[in-house]
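Just so you know, the sequences run in chain order V and G. Be aware that the first sequence starts at 2, since it is given in this note's numbering, and climbs by one per residue. Be aware that the second sequence starts at 2, since it is given in this note's numbering, and climbs by one per residue. Beta carbons: idealized from backbone N, C-alpha and C, even for Gly. Remarks on the structure that follows.
There are 2 protein chains.
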Amino acid sequence: MLDCQDHEVCIESAMSEAESICQENGLRFTELRKEVLRLIWLSHVPAKAYDILEKLKGKAWSAKPPTVYRALDFLLETGLVHKLDSINAYIGCSHPREHNGCYFLICTDCNEAKECCSPELTDAIELAWNKNSFRPQKVTLEVLGQCGECE
Amino acid sequence: MLDCQDHEVCIESAMSEAESICQENGLRFTELRKEVLRLIWLSHVPAKAYDILEKLKGKAWSAKPPTVYRALDFLLETGLVHKLDSINAYIGCSHPREHNGCYFLICTDCNEAKECCSPELTDAIELAWNKNSFRPQKVTLEVLGQCGECE
DNA sequence: TTAAAAATTGTTATATTATAACATTAAAGT
DNA sequence: ACTTTAATGTTATAATATAACAATTTTTAA
Ligand SMILES: [Zn+2]
Ligand SMILES: [Zn+2]
Ligand SMILES: [Zn+2]
Ligand SMILES: [Zn+2]
Numbered sequence: 002m003l004d005c006q007d008h009e010v011c012i013e014s015a016m017s018e019a020e021s022i023c024q025e026n027g028l029r030f031t032e033l034r035k036e037v038l039r040l041i042w043l044s045h046v047p048a049k050a051y052d053i054l055e056k057l058k059g060k061a062w063s064a065k066p067p068t069v070y071r072a073l074d075f076l077l078e079t080g081l082v083h084k085l086d087s088i089n090a091y092i093g094c095s096h097p098r099e100h101n102g103c104y105f106l107i108c109t110d111c112n113e114a115k116e117c118c119s120p121e122l123t124d125a126i127e128l129a130w131n132k133n134s135f136r137p138q139k140v141t142l143e144v145l146g147q148c149g150e151c152e
Numbered sequence: 002m003l004d005c006q007d008h009e010v011c012i013e014s015a016m017s018e019a020e021s022i023c024q025e026n027g028l029r030f031t032e033l034r035k036e037v038l039r040l041i042w043l044s045h046v047p048a049k050a051y052d053i054l055e056k057l058k059g060k061a062w063s064a065k066p067p068t069v070y071r072a073l074d075f076l077l078e079t080g081l082v083h084k085l086d087s088i089n090a091y092i093g094c095s096h097p098r099e100h101n102g103c104y105f106l107i108c109t110d111c112n113e114a115k116e117c118c119s120p121e122l123t124d125a126i127e128l129a130w131n132k133n134s135f136r137p138q139k140v141t142l143e144v145l146g147q148c149g150e151c152e
């Protein structure tokens with residue numbers, strides 16, 4: 002699905018951007034949170050919470066569900082990670098500094114997901130909700146299907 | 002949130018439309034499935050599976066989780082009901098014969114949800130996925146926020 | 001009209017996803 | 001140093017959903 006040439010680059014740039022964002026905002030990017038983010042970034046296949054848990058267990062942590070869910074909560078709040086509600090899984094944010102009309106393409110064959118942005122989309126959605134005098138707080142837009150490489 | 006004057010009308014029209022659709026398609030609209038659909042239509046607040054289960058228990062059925070989830074599966078497959086992934090709840094479809102760019106507005110105050118359609122939205126989404134050579138199978142679009150009556 | 005096949009429902013058990021509540025430890029502010 | 005706050009550890013449980021197999025009902029068709 003992805004235009005990812007060298008995934009080590011994906012990981013390292015995500016980790017260092019996360020580091021900067023936390024520093025800038027006075028947030029504590031602890032070892033645990035770092036490790037969870039790194040585990041999520043292991044691939045472009047969204048990670049399940051309990052899979053993260055198993056992997057954490059292999060790494061010095063006495064991990065239990067709250068260990069993972071708290072780290073996830075932090076990463077979600079800071080925008081470093083997104084939850085994909087349609088598959089109950091978590092994916093690293095590919096551009097955590099700006100979110101404009103973002104949505105997700107999720108391939109049901111290779112299981113990879115891609116975060117996309119489309120201003121037209123935002124416009125159309127805004128138009129639609131104005132019609133309904135609705136004040137949006139959170140938009141969930143996820144498209145399940147087949148990616149170009151899996152047809 | 003809703004332009005629902007007389008909710009008995011909502012219920013009865015949904016039930017009779019469901020009846021027709023099942024007949025037309027040779028599907029069995031059993032008493033159990035009917036009752037689950039009616040329970041979902043009790044209000045415009047999306048129903049939780051286990052709440053449906055509790056209500057079923059009060060009505061002659063020896064209901065257990067699979068009882069409800071099977072009925073839900075049937076109703077979802079026939080398009081009579083939608084699942085809202087962002088809140089794990091089920092809502093009756095307000096126009097099960099045609100789905101074009103449908104999405105959901107979910108009010109976090111009154112908890113009601115409204116199914117909306119926007120062709121512009123479909124267009125924008127299609128445009129976006131073409132860019133990514135993605136073949137969509139299922140679109141999840143849910144907007145959490147405050148409805149006009151809850152500001 | 002009855003026997004076979006298919007669909008539906010019943011039932012028990014368990015898988016998966018997530019949070020509550022309270023104790024302990026580490027970090028930050030004074 | 002002491003206090004406060006934040007983060008993590010730990011135990012238990014809540015909330016959501018499915019697997020597997022048995023019993024029953026409905027449909028199909030011999
Ligand atoms: Zn990559
Ligand atoms: Zn993002
Ligand atoms: Zn109504
Ligand atoms: Zn619908």
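Taking the alpha carbon of residue i as the point to measure from, which residue in the options has its own alpha carbon closest?
i        : options                                  : result
G/Ala41  : G/Cys148, G/Leu142, G/Glu13 and G/Cys108 : For the record, residue 41 of chain G in the displayed sequence is Ile; it is not Ala. Of the candidates G/Cys148, G/Leu142, G/Glu13 and G/Cys108, the one whose C-alpha sits nearest the C-alpha of G/Ile41 is G/Glu13.
G/Cys5   : G/Tyr51, G/Asn101, G/Gly146 and G/Ala114 : G/Ala114
V/Phe135 : G/Phe75, G/His83, G/Leu106 and G/Leu85   : G/Leu106
G/Gln24  : G/Val69, G/Thr79 and G/Ala72             : G/Thr79
V/Cys103 : G/Ala129, G/Glu99, G/Ser95 and G/Cys94   : G/Ala129
G/Asp110 : V/Gln138, V/Gly149 and V/Ala15           : V/Gln138
G/Glu152 : V/Lys65, V/Ala90 and V/Asn133            : V/Asn133
V/Glu9   : V/Phe30, V/Arg39 and V/Glu55             : V/Arg39
V/Glu143 : V/Ala64, V/Ala15, V/Ala19 and V/His83    : V/His83
V/Ala15  : V/Ile92, V/Glu127, V/Leu145 and V/Cys108 : V/Ile92
G/Tyr70  : G/Arg98, G/Ser17, G/Ala48 and G/Cys108   : G/Ala48
G/Ser119 : V/Ala19, V/Asn131 and V/Ser17            : V/Asn131
G/Cys148 : G/Ile22, G/Cys108 and G/Glu127           : G/Cys108
Who are residue i's beta bridge partners in DSSP?
i        : result
G/Ala90  : G/Leu85
V/Cys151 : Beta-bridge pairing links V/Cys151 to no other residue.
G/Leu145 : V/Lys139 and G/Ile107
Between which two residues does the beta strand (DSSP E) holding residue i run?
i        : result
G/Cys23  : First-last for G/Cys23: His8 to Glu25, but that is the alpha helix (DSSP H), not the beta strand (DSSP E).
V/Glu116 : Ala114 to Cys118
Would you kindly report the start and end of the unbroken alpha helix (DSSP H) that includes residue i?
i        : result
G/Leu106 : Taken as a continuous stretch (DSSP letters only), G/Leu106 belongs to no alpha helix (DSSP H), being part of the beta strand (DSSP E) at Cys103 to Cys108.
- Message: Give me the pocket residues for ligand 2, defined as CB within less than 7 Å of any heavy atom, sorted by chain position.
- Response: Going by the Cβ distance cut-off, the answer is V/Gly80, V/His83, V/Cys94, V/Ser95, V/His96, V/Pro97, V/His100, V/Cys103 and V/Glu116.
- Message: Which residues end up in the neighbourhood of ligand 3 when you take C-beta atoms closer than 5 Å to any of its heavy atoms?
- Response: Put simply, the residues with a CB less than 5 Å from any heavy atom of ligand 3 are G/Cys5, G/His8 and G/Cys11, in chain order.
- Counting only runs that start and end within the segment 39-82 of chain V, where is the beta strand (DSSP E) found for 3 or more residues in a row? None, since the segment 39-82 of chain V contains no complete beta strand (DSSP E) of that length.
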